[in-house]
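Take a look at the structure below.
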Amino acid sequence: MSLRLTSRIKLNDGHLMPIFGLGLYQAAASSKTTQIIADALRLGYPLIDTAELYQNESQVGDALKKNFDREQVFISTKLFRTNDGRQGLRRSFQNSLQQLVTDYIDLYLIHAPQGGHVLEVYREMVALQKEGKIRSIGVSNFGVQHLEWLKQAGFVPAVNQIELHPWWPNEDIVDYCRTNNIAIMGYSPLGKGHFLNDPYLIKLSGKYGKTPAQILIRWSIQNGFITIPKTTSGVERLKENMDVFDFALSNEDMKGLADYGRKNLQNTGWDPTMNSKEKFGPI
Ligand SMILES: NC(=O)c1ccc[n+]([C@@H]2O[C@H](COP(=O)([O-])OP(=O)(O)OC[C@H]3O[C@@H](n4cnc5c(N)ncnc54)[C@H](OP(=O)(O)O)[C@@H]3O)[C@@H](O)[C@H]2O)c1
27 MSLRLTSRIK LNDGHLMPIF GLGLYQAAAS SKTTQIIADA LRLGYPLIDT AELYQNESQV
87 GDALKKNFDR EQVFISTKLF RTNDGRQGLR RSFQNSLQQL VTDYIDLYLI HAPQGGHVLE
147 VYREMVALQK EGKIRSIGVS NFGVQHLEWL KQAGFVPAVN QIELHPWWPN EDIVDYCRTN
207 NIAIMGYSPL GKGHFLNDPY LIKLSGKYGK TPAQILIRWS IQNGFITIPK TTSGVERLKE
267 NMDVFDFALS NEDMKGLADY GRKNLQNTGW DPTMNSKEKF GPI
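Residue 27 is where the sequence shown starts when you use the numbering used here, and the numbers rise one by one after that.
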């Protein structure tokens, strides 16, 4: 099947999810961010990824108020801390709904296995899903052991959002997710911009007549990762980052880039995927 901006994948709960969208980490809580989100939606970005932590859910809400059809936009947001169990979750969730000016969230994620009480929170998310307030339940920064602990309790999330680019391929988690039918959402697909001047990437950029950012986004999409590059620089970069559906990397270059990254491993943010059982909480 050829990949398009409008392509969606079927999650394990039956809902459809776009394969591409705009990430909002470190996008300021400002009218400029509201404008960028509105510009992205106008250009056809089908998915917006925000989080309680990013403090810009209300900019997403403000952008949505600008005459966009809520049903046409897929919103993912994240609970930052599980520390306060089910009550904390209900509080945070209600606040997210209010900021986003919506009565449901397409994909609600636990941001990381870090505050304990993960199972208690997950159970409450299932209750919210039954109430029709969450369409799909996901997790983020969950390693194989965390996913296994969930599975032992009878839960398989629809999505796991983890750092993914050639320099941080997280292969064990990717394999686990594929085997267990968990959709893989890759964050920091541009490695936060750190690798864009890498000579290997520059060479591929010349070969395909595409920018280094476009090569990386395409690499993610061709791997089957849901991809959410962030930009707040302006419309030109929004357009550049979505203009990745008119070419394909050869199998040889997909593998070449993966092999190259694997030899130079480097993550660009935090990595809670090995967090202890204490941080996960009782099973
Ligand atoms: N779950 C988690 O723990 C977690 C962690 C990190 C990220 N995320 C999610 O994943 C999203 C993407 O990751 P990220 O924000 O860390 O990094 P990223 O998307 O890999 O890179 C963003 C950086 O690249 C720059 N950039 C964007 N497009 C560019 C282009 N075409 N050419 C050159 N530079 C470009 C951006 O600058 P400008 O803004 O100035 O364009 C920004 O500095 C986040 O926004 C967030 O939604 C989730």
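In this text, a Cβ means the ideal position worked out from N, Cα and C, and glycines have one as well.
Keep in mind that this is a model prediction, so the values were computed, not measured.
Measuring only the C-alpha atoms, how far is residue i from residue j?
{"i": "S3", "j": "S166", "result": "Beyond the ends of the chain as shown, which are 27 and 309, falls residue 3; an answer cannot be given."}
{"i": "K236", "j": "L291", "result": "24 angstroms"}
{"i": "A64", "j": "D198", "result": "37 angstroms"}
{"i": "G147", "j": "H41", "result": "This sequence places Val at residue 147; Gly is not what is there. Their Cα atoms are separated by approximately 21 angstroms."}
{"i": "N249", "j": "L29", "result": "11 angstroms"}
{"i": "R204", "j": "S118", "result": "30 angstroms"}
{"i": "G111", "j": "Q120", "result": "14 angstroms"}
{"i": "E262", "j": "N223", "result": "19 angstroms"}
{"i": "T59", "j": "G114", "result": "28 angstroms"}
{"i": "S33", "j": "V86", "result": "22 angstroms"}
{"i": "A54", "j": "G212", "result": "22 angstroms"}
{"i": "L105", "j": "G164", "result": "10 angstroms"}
{"i": "Q241", "j": "A274", "result": "The identity of residue 241 in the sequence shown is Ile, whereas the question assumes Gln. In a straight line, the C-alpha of I241 is about 9 angstroms away from that of A274."}
{"i": "L50", "j": "Q178", "result": "33 angstroms"}
{"i": "A239", "j": "E304", "result": "38 angstroms"}
{"i": "L31", "j": "S214", "result": "19 angstroms"}
{"i": "Y130", "j": "K159", "result": "4 angstroms"}
{"i": "Q125", "j": "D88", "result": "9 angstroms"}
{"i": "N186", "j": "L230", "result": "29 angstroms"}
{"i": "K265", "j": "I62", "result": "11 angstroms"}
{"i": "V127", "j": "G70", "result": "20 angstroms"}
To which residues does DSSP link residue i through a beta bridge?
{"i": "W194", "result": "H191"}
{"i": "W84", "result": "Note on identity: in this sequence residue 84 is Ser, with Trp being the wrong assignment. DSSP output for S84 lists no bridge partner at all."}
{"i": "A274", "result": "None; A274 has no bridge partner."}
{"i": "K104", "result": "L135"}
{"i": "F46", "result": "T253"}
{"i": "K36", "result": "L42"}
{"i": "S162", "result": "L133"}
{"i": "L222", "result": "Answer by DSSP bridge pairing: none, since L222 is not bridged."}
{"i": "L73", "result": "F100"}
Should residue i be listed as close to ligand 1, given that the test is whether its C-beta is under 7 angstroms from any heavy atom?
{"i": "Q187", "result": "yes"}
{"i": "S166", "result": "yes"}
{"i": "L50", "result": "yes"}
{"i": "P278", "result": "According to the sequence displayed, residue 278 carries Glu and not Pro. No, Cβ of E278 sits at least 7 angstroms from all heavy atoms of ligand 1."}
{"i": "I208", "result": "no"}
{"i": "P308", "result": "no"}
{"i": "A239", "result": "yes"}
{"i": "G232", "result": "no"}
{"i": "K159", "result": "no"}
{"i": "L176", "result": "no"}
{"i": "N109", "result": "no"}
{"i": "E83", "result": "no"}
{"i": "E266", "result": "yes"}
{"i": "L291", "result": "no"}
{"i": "D285", "result": "no"}
{"i": "T257", "result": "yes"}
{"i": "P215", "result": "yes"}
{"i": "I136", "result": "no"}
{"i": "G70", "result": "no"}
{"i": "K58", "result": "no"}
{"i": "G219", "result": "yes"}
{"i": "G295", "result": "yes"}
Would you grab the beta carbon distance between residue i and residue j for me? Rounded to a whole angstrom, and I think it's under 8 angstroms.
{"i": "P225", "j": "L283", "result": "Contact flag wrong, Cβ pair sits at about 12 angstroms."}
{"i": "S84", "j": "D132", "result": "Actually they do not touch by this definition, with Cβ atoms about 17 angstroms apart."}
{"i": "I243", "j": "N267", "result": "6 angstroms"}
{"i": "V170", "j": "I208", "result": "Contact flag wrong, Cβ pair sits at about 11 angstroms."}
{"i": "F306", "j": "H172", "result": "6 angstroms"}
{"i": "E189", "j": "T294", "result": "7 angstroms"}
{"i": "V152", "j": "T108", "result": "With a Cβ gap of about 14 angstroms, V152 and T108 do not count as contacting."}
{"i": "P298", "j": "P139", "result": "6 angstroms"}
{"i": "L48", "j": "K256", "result": "7 angstroms"}
{"i": "L73", "j": "F100", "result": "4 angstroms"}
With a cut-off of 8 angstroms, does the C-beta of residue i fall near any C-beta of chain C?
{"i": "N109", "result": "This model lacks chain C altogether; it includes just one protein chain."}
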